[in-house]
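Asks:
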Amino acid sequence: MLNKIWFAMIAIGMVVAAVNGRMEEVSVAILQSTEESVRIVIKLIGPMSLWLGLMKLAEEAGIVQGLARLFKPLAKVLFPKIPVDHPALGSIMMNLSANLLGLGNSATPLGIKAMHQLQSLNKNSETASDAMCTFLVINTSGLTLIPTTILALRVGAGSSNPTEIVGTTLFATACSTIAGIIANKLLIKVGSLQI
Amino acid sequence: MIELINLMSEWAIPVVIFFILSISFYKGIKVYDVFVEGAVEGIATGIKIIPYLLAMLVAIGVFRSSGALDLILDLVAIPLQRIGIPKQVIPLSLIRPLSGTGALGFVTDLINQHGPDSFIGRLASTMQGSTETTFYVVTVYFGAIKIKNTRHAIVAGLVADLVGFIAAVFICQLVFG
Chain A
1 MLNKIWFAMI
11 AIGMVVAAVN
21 GRMEEVSVAI
31 LQSTEESVRI
41 VIKLIGPMSL
51 WLGLMKLAEE
61 AGIVQGLARL
71 FKPLAKVLFP
81 KIPVDHPALG
91 SIMMNLSANL
101 LGLGNSATPL
111 GIKAMHQLQS
121 LNKNSETASD
131 AMCTFLVINT
141 SGLTLIPTTI
151 LALRVGAGSS
161 NPTEIVGTTL
171 FATACSTIAG
181 IIANKLLIKV
191 GSLQI
Chain B
1001 MIELINLMSE
1011 WAIPVVIFFI
1021 LSISFYKGIK
1031 VYDVFVEGAV
1041 EGIATGIKII
1051 PYLLAMLVAI
1061 GVFRSSGALD
1071 LILDLVAIPL
1081 QRIGIPKQVI
1091 PLSLIRPLSG
1101 TGALGFVTDL
1111 INQHGPDSFI
1121 GRLASTMQGS
1131 TETTFYVVTV
1141 YFGAIKIKNT
1151 RHAIVAGLVA
1161 DLVGFIAAVF
1171 ICQLVFG
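Taken in sequence, the protein lines are chains A and B.
Once you know that position 180 of the first sequence is 180 in our numbering, the rest is easy, because the numbers rise by one and skip nothing.
Each position in the second sequence, counted from 1, maps to that position plus 1000 in our numbering.
#1: Considering only the alpha carbon of each residue, which of A/E35, A/T140, A/G180 and A/M132 lies closest to B/T1133?
#2: What did DSSP end up calling B/T1126 once you bin it into helix, strand or coil?
#3: Does any residue of chain B bring its CB to less than 8 angstroms from the CB of A/T65?
#4: Give the secondary structure of A/T163 by DSSP, where H, G and I count as helix, E and B as strand, and everything else as coil.
#5: Please state whether the Cβ-Cβ distance between B/E1041 and A/L89 is less than 8 angstroms.
#6: Among B/P1097, B/S1066, B/N1149 and B/V1107, whose alpha-carbon lies nearest the alpha-carbon of B/V1163?
#7: Going by C-alpha to C-alpha distance, which of A/K4, A/A8, A/P147 and A/I182 sits closest to B/L1069?
#8: Within 10 Å of its beta-carbon, does B/D1109 have 16 or more other beta-carbons around it, so buried, or fewer, so exposed?
#9: Does any C-beta atom of chain A lie closer than 8 angstroms to the C-beta of B/A1077?
#10: Distance cutoff 8 angstroms, beta carbons only. Does A/F171 sit that close to anything in chain B?
#11: Mapping DSSP to helix, strand and coil, what is B/T1139?
#12: Excluding the five sequence neighbours on either side, which residues of its own chain have a C-beta within less than 6 angstroms of the C-beta of A/K113, listed in chain order?
#13: Would you call the segment 158 to 173 of chain A in contact with the segment 1141 to 1148 of chain B, where contact means no fewer than 3 C-beta pairs closer than 8 angstroms?
#14: For B/L1053, would you say it is in contact with chain A, using Cβ-to-Cβ distances shorter than 8 angstroms as the test?
#15: Return no unless some Cβ of chain A is closer than 8 angstroms to the Cβ of B/L1110.
#16: Could you tell me which of B/I1154, B/G1129 and B/R1082 sits nearest to B/A1168, measuring between CA atoms?
#17: Between the segment 1076 to 1100 of chain B and chain A, which residues of the former have a C-beta closer than 7 angstroms to a C-beta of the latter?
#18: Beta-carbon of A/R39 versus every beta-carbon of chain B: anything under 8 angstroms?
#19: If you compare alpha carbons, which of A/G102, A/A131 and A/L103 is closest to A/H116?
#20: Under the rule that 16 or more other beta-carbon atoms within 10 Å means buried, what is B/M1056, buried or exposed?
#21: Residues of chain B with CB closer than 7 angstroms to the CB of A/S160, please, in chain order.
#22: Across which residues does DSSP place B/N1149 in a beta bridge pair?
#23: Looking only at its own chain, which residues have a Cβ that is under 6 angstroms from the Cβ of A/L67, when we skip the five neighbours before and after it?
#24: Please confirm whether A/K4 has its beta-carbon closer than 8 angstroms to some beta-carbon of chain B.
#25: Taking the CB atoms as reference points, tell me whether B/F1135 and B/I1072 lie closer together than 8 angstroms.
#26: Give the residues of chain A in contact with B/I1120, contact being defined as C-beta atoms less than 9 angstroms apart.
#27: Check the Cβ-Cβ distances between B/D1074 and every residue of chain A, and say whether any is below 8 angstroms.
#28: Hey, would you say A/M150 sits closer than 8 angstroms to B/S1125, going by beta carbons?
#29: With B/R1151 and A/C133 assumed to form a contact (beta carbons below 8 angstroms), what rounded beta-carbon distance in angstroms separates them?
#30: Taking all protein chains shown into account, do 16 or more other C-beta atoms lie within 10 angstroms of the C-beta of B/V1107, making it buried, or fewer, making it exposed?
#31: Name, please, each residue of chain A whose Cβ falls closer than 8 angstroms to the Cβ of B/G1067.
#32: Rounding to the nearest angstrom, what Cα-Cα distance links B/G1102 and B/I1029 in this structure?
#33: Below 8 angstroms CB to CB, which residues in the same chain sit around B/F1063 once its five sequence neighbours on both sides are set aside?
#34: Taking only beta-carbon atoms, is B/I1049 less than 8 angstroms away from chain A?
#35: Please classify A/S160 as buried or exposed, where buried requires at least 16 neighbouring CB atoms within 10 angstroms.
#36: Looking only at C-alpha atoms, which of A/I10, A/M48 and A/V16 sits nearest to A/N95?
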């Protein structure tokens, strides 16, 4: 999938640029994107090191496993194939909590940690497991209680009521997450029928 | 309400750190040594993600700067307007899954143009806050563990985005319309 999407975006982009005469913009964008990718990762390494250090402590102290047990009722529905006391569920719960609180910089490293733990249960390490797809969709759908970035933006723009969008955002993100989970479950079924 | 939210955001990380450290210390774990041992993995994980992210950002950069995104926008604009999505936010629906910074820039422009308390300002805020940058999440999460076959994850992510946008328009028209 990614091979096709990647090639299509670049090939279509280049053909369109040739027709539009926008090759200069495209070559600037290519170089800027490469710099941007390193800048994003540099920014990510700090919080990631912090959370990986804390998660290591939390694992050794048994906190992650404890969180995993708390998460059990929901985990049974969302991640039926993962053993109920597996540390991956603890990391997933930490990631979801960070997302709900709007702590994006912390949610990403916790999510990566969870992916690593899900990978240890994966039969084919190059193919995403059902649990990985479910977890990914929950993250792409942006489940959050507090949309921190947009609240800061609205405060900065002088809104008279910056938090009035919290309710509407919660509704939209809940719809998005539920739709993503349902789509994911249906696509897993369709996929297993083909095999 | 903004004070309460700020308070929660300010307290969350320090409280979690204090909680983890205290329990670990109480259990006799060498907290500093174990923390550093875990933290060192952050650097390797970050470096491993770079090529995946670079590849994805270059493709998105080419696609946007060439005008290809605008062409698709012209194609979908009329049907989307038919179902009641205001034309000012239609570009956002295409940029949001591709580029987090691009979408944030676009929302900032909309808010500055129309005002944060206008209908467009509120709708754009809701749209920006309610979904994540799908391609970034896929690239980083799957890149970190070297997944090559993403199966249906991208399709499911985009379905979630689409439903999120339609839900945002629906609820904003209901609440603010």
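The beta carbon of each residue, even a glycine, is placed where N, CA and C say it ideally should be.
Replies: On the basis of the supplied data:
#1: Taking the first residue of the second sequence as position 1, residue 1133 of chain B is located at position 133. Residue A/T140 is the option with its Cα nearest to B/T1133.
#2: For the purposes of this step, residue 1126 of chain B is identified with residue 126 of the second sequence, where counting begins at 1. If DSSP states are grouped into helix, strand and coil, B/T1126 belongs with the helices.
#3: Numbered from its first residue, the first sequence carries residue 65 of chain A at position 65. Looking at the sequence provided, one finds Gln at residue 65 of chain A rather than Thr. Cβ-Cβ to chain B under 8 angstroms: no for A/Q65.
#4: Counting from 1 along the first sequence, the entry for residue 163 of chain A is found at position 163. Helix at A/T163.
#5: As a working note, residue 1041 of chain B is residue 41 in the second sequence. As a working note, residue 89 of chain A is residue 89 in the first sequence. No, the pair does not count as a contact, with Cβ atoms beyond the cut-off.
#6: Locating residue 1163 of chain B in the second sequence gives position 163, where the first residue counts as 1. Cα-wise, what sits closest to B/V1163 is B/P1097.
#7: Your numbering for residue 1069 of chain B matches position 69 in the second sequence. The option with the nearest alpha carbon to B/L1069 is A/A8.
#8: Counting from 1 along the second sequence, the entry for residue 1109 of chain B is found at position 109. When all chains shown are included, B/D1109 counts as exposed.
#9: Locating residue 1077 of chain B in the second sequence gives position 77, where the first residue counts as 1. Not closer than 8 angstroms to any Cβ of chain A, the Cβ of B/A1077 fails to qualify, so no.
#10: Mapped onto the first sequence, residue 171 of chain A falls at position 171. For A/F171, the answer is yes, since a Cβ of chain B falls inside 8 angstroms of its Cβ.
#11: Reading the second sequence from its first residue, position 139 is the one you call residue 1139 of chain B. Reduced to three states, the DSSP call for B/T1139 is helix.
#12: To locate residue 113 of chain A, count along the first sequence from 1; it is residue 113. Cβ neighbours of A/K113 beyond the five flanking positions: M55 and S91.
#13: no
#14: One-based indexing of the second sequence puts residue 1053 of chain B at position 53. B/L1053 counts as touching chain A.
#15: Position 110 of the second sequence, counted from the first residue, corresponds to residue 1110 of chain B. False, the Cβ-Cβ gap to chain A never drops below 8 angstroms.
#16: Position 168 of the second sequence holds residue 1168 of chain B. Of the candidates B/I1154, B/G1129 and B/R1082, the one whose C-alpha sits nearest the C-alpha of B/A1168 is B/G1129.
#17: none
#18: Taking the first residue of the first sequence as 1, we reach residue 39 of chain A at position 39. Chain B, which has no Cβ nearer than 8 angstroms to the Cβ of A/R39, makes this no.
#19: Indexing the first sequence from 1 puts residue 116 of chain A at position 116. Out of A/G102, A/A131 and A/L103, A/A131 has the C-alpha closest to the C-alpha of A/H116.
#20: Indexing the second sequence from 1 puts residue 1056 of chain B at position 56. So B/M1056 ends up on the buried side.
#21: For the purposes of this step, residue 160 of chain A is identified with residue 160 of the first sequence, where counting begins at 1. By Cβ distance, chain B contributes D1117.
#22: In the second sequence, counting from the first residue as 1, residue 1149 of chain B sits at position 149. B/N1149 pairs with A/T127.
#23: Indexing the first sequence from 1 puts residue 67 of chain A at position 67. If we look at A/L67 and ignore the five residues flanking it on each side, its Cβ neighbours are G90 and M93.
#24: Here residue 4 of chain A refers to the residue found at position 4 of the first sequence. So, not an interface residue.
#25: Numbered from its first residue, the second sequence carries residue 1135 of chain B at position 135. Numbered from its first residue, the second sequence carries residue 1072 of chain B at position 72. In this structure, B/I1072 does not lie closer than 8 angstroms to B/F1135 by Cβ.
#26: Position 120 of the second sequence, counted from the first residue, corresponds to residue 1120 of chain B. Ordered by position in chain A, no residue passes the 9 angstroms Cβ test against B/I1120, which lies about 12 angstroms from the chain.
#27: Taking the first residue of the second sequence as position 1, residue 1074 of chain B is located at position 74. B/D1074 does not count as touching chain A.
#28: Residue numbering aside, residue 150 of chain A sits at position 150 when the first sequence is read from its first letter. Residue numbering aside, residue 1125 of chain B sits at position 125 when the second sequence is read from its first letter. Looking at the sequence provided, one finds Ile at residue 150 of chain A rather than Met. The answer is yes: Cβ separation under 8 angstroms.
#29: Here the question's residue 1151 of chain B lines up with position 151 in the second sequence. Here the question's residue 133 of chain A lines up with position 133 in the first sequence. Their Cβ separation, rounded to whole angstroms, is 6 angstroms, which keeps B/R1151 and A/C133 in contact under 8 angstroms.
#30: Within the second sequence, residue 1107 of chain B is the residue found at index 107, counting from 1. Buried, by the Cβ-count rule.
#31: Numbered from 1 along the second sequence, position 67 holds the residue referred to as residue 1067 of chain B. Within chain A, the residues near B/G1067 are V16, A17, N20 and R22.
#32: Against the second sequence, residue 1102 of chain B aligns to sequence position 102. Against the second sequence, residue 1029 of chain B aligns to sequence position 29. Using only the alpha carbons, I get a separation of about 44 angstroms.
#33: Here residue 1063 of chain B refers to the residue found at position 63 of the second sequence. For B/F1063, where only same-chain residues beyond five positions count, the Cβ hits under 8 angstroms are L1069 and L1098.
#34: Numbered from its first residue, the second sequence carries residue 1049 of chain B at position 49. Yes, B/I1049 counts as interfacial toward chain A.
#35: The residue given as residue 160 of chain A occupies position 160 in the first sequence. When all chains shown are included, A/S160 counts as exposed.
#36: The sequence position of residue 95 of chain A within the first sequence is 95, counting from 1. Selected option, being the one with the closest Cα: A/M48.
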